[in-house]
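Numbering (our numbering), first residue to last: 2 to 75. Since the structure comes first, as structure tokens, the remarks are kept for the end.
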Amino acid sequence: MTKMEVQAAALQLPVEERTLLAHSLLESVEAEVASTPLTAEQRGEIVQRLQAFHANPERVLTWEEVEAELWPGA
């Protein structure tokens with residue numbers, strides 16, 4: 002079965018079954034991501050962001066502020 006056939010079949014399921022399927026798929030992705038080690042580049046980025054935060058904690062934005070910047074007038 003191709004990816005498109007699987008998707009088409011899944012979309013034919015009742016809402017409750019699609020919800021269970023979606024939940025199951027998300028759990029499988031979460032488990033895989035959680036077990037994947039970070040690269041040196043990713044670790045470096047985290048360290049850099051933490052250092053920037055500790056140097057200027059007052060520069061932290063709330064989600065509402067970020068959202069307003071990304072989507073003004075939304």
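Cβ coordinates follow ideal geometry from the N, Cα and C atoms, glycine included.
Check, Outcome
"Output needed for residue 22: all residues of its chain with C-beta closer than 7 Å, excluding positions within five of it in sequence on either side, in chain order.", "11, 14"
"For residue 64, which three-state DSSP category applies?", "helix"
"Looking only at its chain, what residues have a beta carbon closer than 6 Å to the beta carbon of residue 8, apart from the 5 residues adjacent to it on each side?", "none"
"So, at 7 Å on beta carbons, what are the nonlocal neighbours of residue 84 in its own chain, with the 5 sequence-adjacent residues on each side left out?", "Lying outside 2 to 75, the shown extent of the chain, residue 84 is not represented and no answer is given."
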